[in-house]
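Written below as structure tokens is the structure these notes are about.
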Amino acid sequence: MISAHPKGQRRNTQGSPRAAGKKIASHYRITLADAFEAHFDALDAGGGRRGEVNRPLLESALARPYSGYHRPIARKSATLLHGVVKNHAFVDGNKRTAFLLMNLLIERSGYHLKLLPDDRIDDMVVAVACDEMTYEALIKWLEKRLVRA
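Under my numbering, the sequence shown has 1289 at position 24, and the numbering climbs by one with no breaks.
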């Protein structure tokens, strides 16, 4: 058996939350059913065409926030919104669906967005879609507005 640790040495895990028996915070996991429900809600509210869905692109966008690299809720939320907007899995309503899914993730994970007086969600999402707001800028934008519920 191959070990990542030199023979006779083990990694010290006593300070880790798992070793201490502490519960590690988990965030809500967005499902494919959530995505379709959010998409239909977005189309019902704002119009648009229903049509073919590129399911692999949608599944990729939904899985990406849970890859292990995006632990804080701001990173997970930004990754979800960015992925759904950029993968463009739906015929219409991708940006609206992305925001609804991001908000669902935030709320089901025990947070909410506290918007500033000048904030316009639609402008933020369009800025992400047009590459006027980078992924890192989106994370910072969310960090300033996320509040524990």
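Just so it is clear, CB atoms sit at the ideal spot from N, CA and C, and this is done for glycine as well.
Should asparagine 1359 be counted as a contact of the ligand ZN given a C-beta to heavy atom distance under 7 Å? The ligand ZN is not part of this structure, which contains no ligands at all.
Cα-Cα, which of Arg1315, Leu1369, Ala1298, Tyr1293 is closest to glycine 1214? Here the chain has residues from 1266 to 1414 only, and residue 1214 is not among them.
Beta-carbon spacing of phenylalanine 1355, histidine 1304 below 8 Å: Yes, they are a contact pair.
Based on Cα-Cα distance, which residue from Arg1410, Thr1362, Ala1363, Tyr1376 lies nearest to aspartate 1383? Residue Arg1410 is the option with its Cα nearest to aspartate 1383.
Does the distance from the CB of glycine 1375 to the CB of alanine 1414 come in under 8 Å? Annotated as proximal: glycine 1375 and alanine 1414, with beta-carbon spacing under 8 Å.
Expressed to the nearest angstrom, what Euclidean distance is found between the alpha-carbon atoms of glycine 1286 and glycine 1333? Confidence is the limiting factor: at glycine 1286 the pLDDT is only 42, short of 50, which leaves the residue's position unreliable, though a coordinate-based value still follows. Answer to the nearest angstrom: the Cα atoms are 20 Å apart.
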